[in-house]
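Residue 190 in numbering that gives the first Met the number 0 sits at position 191 of the sequence shown, with consecutive numbering throughout.
Glycine included, C-beta positions come from ideal geometry on N, C-alpha and C.
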Amino acid sequence: MSYQTIHSPIDYGGLVLKNRIIFAPTSMGLPTEQWIERLRQIAAGGCAMIIVGDVPVTKHGFGLSLYSKKGFETYQRLARAVHEENCMLCAQLHQSDSNLKGMLKYIPGVLSKKISMEQLRELLNQEVGPYITNLSPEKIHKIIEGFGEAAVLAQKAGFDMVQIHGDRMCGSFSSTIYNHRTDAYGGSPENRARFAVEAIQAVRRRLPSIPIDYKLAIRQENPHYGNAGILEQELPIWIPLLEQAGVTSFHVTLANHGSLTDTIPPARHPDFGGEGCFLKFCNLVRRFTKLPICGVGGLSNPEFIENQLSSGRIDCAAMSRQLIADPNWPKKVLENQPETIQRCIRCNQKCLGGMMAHQGVHCIYERTKTK
Ligand SMILES: Cc1cc2nc3c(=O)[nH]c(=O)nc-3n(C[C@H](O)[C@H](O)[C@H](O)COP(=O)(O)O)c2cc1C
């Protein structure tokens, strides 16, 4: 097989990518030098763009801050390292929907190990609804402007593109499960879209030509998966609003706030264990947009991916765990040696498992030498 489409360039919302493979946003929890080196290796393996997961939009958000000297310089170094490998870099602009003040009361329980990390996650999830519903208009405005300010800093640091994280705070505002507001940010789908739309506009106003990707998190019923995000039947309203606000491409996936093993599904998952597990959501999105669509979720088989791209079902394929398992996937496919790829078996042991255990993201193959 020639894998012609995988290796063809694409205009991805105004940014030319050398091929169709993107490293999906992946928080790694690694020390800085290791993290930069890991992303450099992924870039050197031949993917066209790396999306850096969870870049905070406000000064005091979780994660490496664009607003601090140290954070900004680290992102600059990362951009240089990735660009030297002929790879593009995208910042996933992120605002958590966890109530920081609400978290404080759980700290003693966590420290004394009476509350496990899993239980903490569940407790925090229970607070998302009241937090989103009661957030003051002033705070909302500040966060929205933060998306714009962070985008400006990201571009200055060397990022080529930004992705609005459509899950987390945007996703919680989107969803009637969490958003019970009665003002302009709650109620109708148009009102629930307002937070995301204004966050996009805050970027577009400041940066008229930067490509803006939107992580479009879709939740489904029957069976129920995902609590944040957009329902399938709301897509015809949402997609035009996001486009008019300035989005130039969509990164489509299952919405969050169920269990992490639904959005990062292991091979044994009852509904999402297969190759290309979330591509059915791309079919829905395709009905309402002509913008490029990136699929993600359980993508690892070169033949399958080539078929999805060449049929036009998706325009790009994003991978997280497969490029952690073998950063050289794109090169090996280009050299027509797919049999040498270390295939991700979606066991989640050391990637998601490493993150949950605060040991950093690793892979069961890590000690094995790749060819
Ligand atoms: C360790 C780990 C960390 C992740 N961090 C993020 C993140 O920061 N932001 C995000 O939107 N998605 C994150 N994801 C989800 C991935 O972007 C991706 O959607 C998911 O893993 C499914 O793709 P895959 O089957 O190629 O791994 C993470 C996934 C993993 C495995």
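Cα-Cα separation, residue i to residue j
i: residue 287; j: residue 23; result: 23 Å
i: residue 293; j: residue 248; result: 8 Å
i: residue 113; j: residue 168; result: 28 Å
i: residue 55; j: residue 339; result: 37 Å
i: residue 193; j: residue 264; result: 30 Å
i: residue 318; j: residue 154; result: 24 Å
i: residue 238; j: residue 107; result: 43 Å
i: residue 337; j: residue 1; result: 11 Å
i: residue 396; j: residue 27; result: The first residue shown for the chain is 0 and the last is 370, placing residue 396 beyond what the model contains.
i: residue 121; j: residue 95; result: 15 Å
i: residue 298; j: residue 196; result: 29 Å
i: residue 60; j: residue 93; result: 9 Å
i: residue 369; j: residue 341; result: In this prediction, residue 369 has a pLDDT of 45, which is less than 50 and means its spatial position is unreliable; nothing more can be read from the coordinates.
i: residue 101; j: residue 124; result: 11 Å
i: residue 234; j: residue 138; result: 27 Å
i: residue 178; j: residue 42; result: 39 Å
i: residue 184; j: residue 97; result: 18 Å
i: residue 109; j: residue 117; result: 10 Å
i: residue 85; j: residue 47; result: 8 Å
i: residue 327; j: residue 45; result: 7 Å
i: residue 361; j: residue 82; result: 23 Å
i: residue 3; j: residue 305; result: 8 Å
i: residue 37; j: residue 274; result: 25 Å
i: residue 245; j: residue 211; result: 7 Å
Coarse secondary structure for residue i, derived from DSSP in three states
i: residue 160; result: strand
i: residue 313; result: coil
i: residue 151; result: helix
i: residue 358; result: coil
i: residue 292; result: strand
i: residue 81; result: helix
i: residue 216; result: strand
i: residue 171; result: helix
i: residue 271; result: coil
i: residue 176; result: coil
i: residue 247; result: coil
i: residue 369; result: Bear in mind that a pLDDT of 45 at residue 369, under 50, signals an unreliable position, so the model cannot answer this.
i: residue 252; result: strand
i: residue 287; result: coil
i: residue 146; result: helix
i: residue 14; result: strand
i: residue 238; result: helix
i: residue 277; result: coil
i: residue 5; result: coil
i: residue 263; result: coil
i: residue 21; result: strand
i: residue 375; result: Residue coverage of the chain in this structure runs from 0 to 370, which leaves residue 375 outside it and unanswerable.
i: residue 298; result: coil
i: residue 363; result: coil
Cβ separation of residue i and residue j, assumed to be a contact under 8 Å, to the nearest whole Å
i: residue 344; j: residue 266; result: 6 Å
i: residue 324; j: residue 20; result: Not really, about 14 Å apart at Cβ, beyond 8 Å.
i: residue 347; j: residue 312; result: That belief does not hold up - the Cβ atoms of residue 347 and residue 312 are roughly 26 Å apart, past 8 Å.
i: residue 255; j: residue 170; result: 6 Å
i: residue 227; j: residue 187; result: No, residue 227 and residue 187 are not in contact; Cβ-Cβ is about 18 Å, not under 8 Å.
i: residue 161; j: residue 209; result: 6 Å
i: residue 77; j: residue 71; result: At roughly 11 Å, the Cβ-Cβ gap does not stay under 8 Å, so residue 77 and residue 71 are not in contact.
i: residue 253; j: residue 277; result: 5 Å
i: residue 11; j: residue 222; result: Contact flag wrong, Cβ pair sits at about 33 Å.
i: residue 80; j: residue 143; result: Wrong, their Cβ atoms sit about 31 Å apart, outside the cutoff.
i: residue 236; j: residue 189; result: 6 Å
i: residue 91; j: residue 279; result: Not really, about 23 Å apart at Cβ, beyond 8 Å.
Exercise. Within the region 36 to 93, note down every full alpha helix (DSSP H) run reaching 4 residues or more, in order along the chain.
Key: Taken in chain order, the complete alpha helix (DSSP H) segments of 4 residues or longer contained in the region 36 to 93 are 68 to 83.
Quiz item: Considering only residues of the region 181 to 235, which uninterrupted alpha helix (DSSP H) runs meet the minimum length of 4 residues and lie entirely inside it, listed in chain order?
Solution: Runs of the alpha helix (DSSP H) lying entirely within the region 181 to 235 and spanning at least 4 residues, in chain order: 188 to 205.
Quiz item: Curious, which full-length alpha helix (DSSP H) runs of at least 4 residues does the region 93 to 135 contain?
Solution: 99 to 103, 106 to 110 and 116 to 133
Self-check item: Runs of alpha helix (DSSP H) lying entirely within the region 317 to 361, each at least 4 residues, in chain order
Solution: 320 to 324, 328 to 333 and 351 to 355
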